[in-house]
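See below for the structure under consideration.
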Amino acid sequence: MPTLDAKLLLDLLFAAIVLLFVPFGIRRGVAKEAMVSAAILIGVAIADAWTNRGAETLGDRTNFGIDTARFVVAAGALVLSTIILGYGGGAALGRVRPGLLSRLTGGLLAAFNGALFLSSLLRLIERHLWREEGAGVVDDGLLGQYLLRDDEWIVLAAVAVMSICVVLGWVVTGFRGRNAPLGDGPLQTAGPMPPRQRPVRVARDGDAGKVEPAVLEPTVYSPIPEPRPGRFGGGSGSLGQTVPIADQPDPWRSPDASDERTAWSPPRMMREQPTKTNGHASSPTVAGDWLRRATGMRRGGEAAPGSNAGQRDESGGGARPRTGLSCPVCGAAVGEEDVFCPECGATV
Numbered sequence: 000m001p002t003l004d005a006k007l008l009l010d011l012l013f014a015a016i017v018l019l020f021v022p023f024g025i026r027r028g029v030a031k032e033a034m035v036s037a038a039i040l041i042g043v044a045i046a047d048a049w050t051n052r053g054a055e056t057l058g059d060r061t062n063f064g065i066d067t068a069r070f071v072v073a074a075g076a077l078v079l080s081t082i083i084l085g086y087g088g089g090a091a092l093g094r095v096r097p098g099l100l101s102r103l104t105g106g107l108l109a110a111f112n113g114a115l116f117l118s119s120l121l122r123l124i125e126r127h128l129w130r131e132e133g134a135g136v137v138d139d140g141l142l143g144q145y146l147l148r149d150d151e152w153i154v155l156a157a158v159a160v161m162s163i164c165v166v167l168g169w170v171v172t173g174f175r176g177r178n179a180p181l182g183d184g185p186l187q188t189a190g191p192m193p194p195r196q197r198p199v200r201v202a203r204d205g206d207a208g209k210v211e212p213a214v215l216e217p218t219v220y221s222p223i224p225e226p227r228p229g230r231f232g233g234g235s236g237s238l239g240q241t242v243p244i245a246d247q248p249d250p251w252r253s254p255d256a257s258d259e260r261t262a263w264s265p266p267r268m269m270r271e272q273p274t275k276t277n278g279h280a281s282s283p284t285v286a287g288d289w290l291r292r293a294t295g296m297r298r299g300g301e302a303a304p305g306s307n308a309g310q311r312d313e314s315g316g317g318a319r320p321r322t323g324l325s326c327p328v329c330g331a332a333v334g335e336e337d338v339f340c341p342e343c344g345a346t347v
């Protein structure tokens, strides 16, 4: 069974660590990954400047040796700077939606950031922990040798890639600015959002046959019909053209001989104090006038009692012609003896 030596295992481990940075770069974009690069370089500078002083303070307060204290201070400065200044600063920028080119460049720069971070950490380990033994097996591997001995090429490659990306960014921005239309007037700002429109109502099973109300407009083929005169039509008589309706006794009551009135005669109380009806003012003679006028009330063309208006002429003609009178409200034909219009009920 083939076995893997320590050199190959370390190379695979280093490659996996570097590749772990790539998804973060693709997701965050090149701008935020540039902040991580700057944070790594700042961490290296802090480690070089504060290692000795920080190691003395840490060694006095703990049981660490001088080399271990130096490594803890240097590695802590590198890791904290990368996390706080790099990824924390990118999070402080807020939510940014990078484009495709920014994501690809961010993933490539993240790989260089992973290699630079791992190279700086390995050099700190060799400087403070492996001072006497040396790197040993780490230095024997292919990727470990590049990370530990040839880290300057990693920095140079990262600078070259970033320079190319900067130039491409200038070119793309220049083309976008050239193609954008320039207006002569002032800058137009976007207006307020329009209110949300009411959705279109879709007829359901229960709404079948219903029609939305609308104002009719006359056309050649469908003119607006005229209101028909009648009780509820537009040609109904006004209050001045109608007469009050007085209360009547029940027709099935027998006449009272002592009262000297028929079953259809108004009671004495009504004759003395008639009540108000349908908006008219009370009058002592309202009920009597109504009864007297109602005796001659009949339909249009109907002959009055005792007259021959509705009889046929001996010459063989039809009914006697009407007098030509019409209702002043609705215009319907009425007879000479008609008191009320047979159509609208107005007084003629």
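Position one of the sequence shown corresponds to residue 0 (numbering that gives the first Met the number 0), numbered consecutively onward. Glycine included, each C-beta is placed from N, C-alpha and C at the ideal position.
Within this structure, are the beta carbons of residue i and residue j separated by less than 9 angstroms?
i      : j      : result
VAL84  : VAL71  : Checking the displayed sequence, the identity of residue 84 turns out to be Leu instead of Val. Not in contact: LEU84 and VAL71 (Cβ atoms no closer than 9 angstroms).
PHE111 : ILE153 : yes
GLU125 : LEU141 : no
THR81  : ALA38  : yes
LEU120 : LEU77  : yes
GLU342 : CYS326 : yes
GLY24  : LEU107 : yes
VAL170 : ALA109 : no
GLY42  : LEU79  : yes
ALA156 : SER101 : no
Considering residue i, what are the terminal residues of the alpha helix (DSSP H) in which it resides?
i      : result
ASN357 : Nothing can be reported for residue 357, as the shown portion of the chain is limited to 0 through 347.
ALA73  : 65-79
ARG102 : 99-127
LEU141 : 141-147
ALA91  : 88-91
Identify which residue in the options has its Cα closest to the Cα of residue i.
i      : options                      : result
ALA48  : ALA74, ILE25, ARG60          : ALA74
ALA54  : ARG60, LEU40, ARG69          : ARG69
ASN36  : ASP4, ARG52, ALA114, ARG102  : In the sequence as presented, Asn is not what sits at residue 36; that position holds Ser. The option with the nearest alpha carbon to SER36 is ALA114.
LEU99  : GLY28, ALA156, SER118        : GLY28
TYR145 : VAL21, LEU8, PHE13, CYS329   : PHE13
LEU18  : ARG94, PHE116, THR67         : PHE116
LEU40  : ARG60, SER118, PRO97         : SER118
GLU32  : THR50, ALA90, VAL166, VAL328 : ALA90
ARG26  : ASP66, THR172, TYR86, ASP4   : TYR86
THR50  : VAL166, ASP66, ALA15, ARG60  : ASP66
Can you give the beta carbon distance from residue i to residue j, rounded, assuming they're within the 8 angstroms contact cut?
i      : j      : result
MET161 : GLY88  : Contact doesn't hold; Cβ gap of about 17 angstroms is too wide.
ALA345 : PHE339 : 7 angstroms
LEU9   : GLY143 : 6 angstroms
So if DSSP puts residue i in a beta bridge, which residue, or which two residues, is it bridged to?
i      : result
SER325 : ALA332
THR346 : PHE339
Does any residue of chain B have a CB that is nearer than 9 angstroms to the CB of residue i?
i      : result
TRP169 : No chain B appears in this structure, which consists of one protein chain only.
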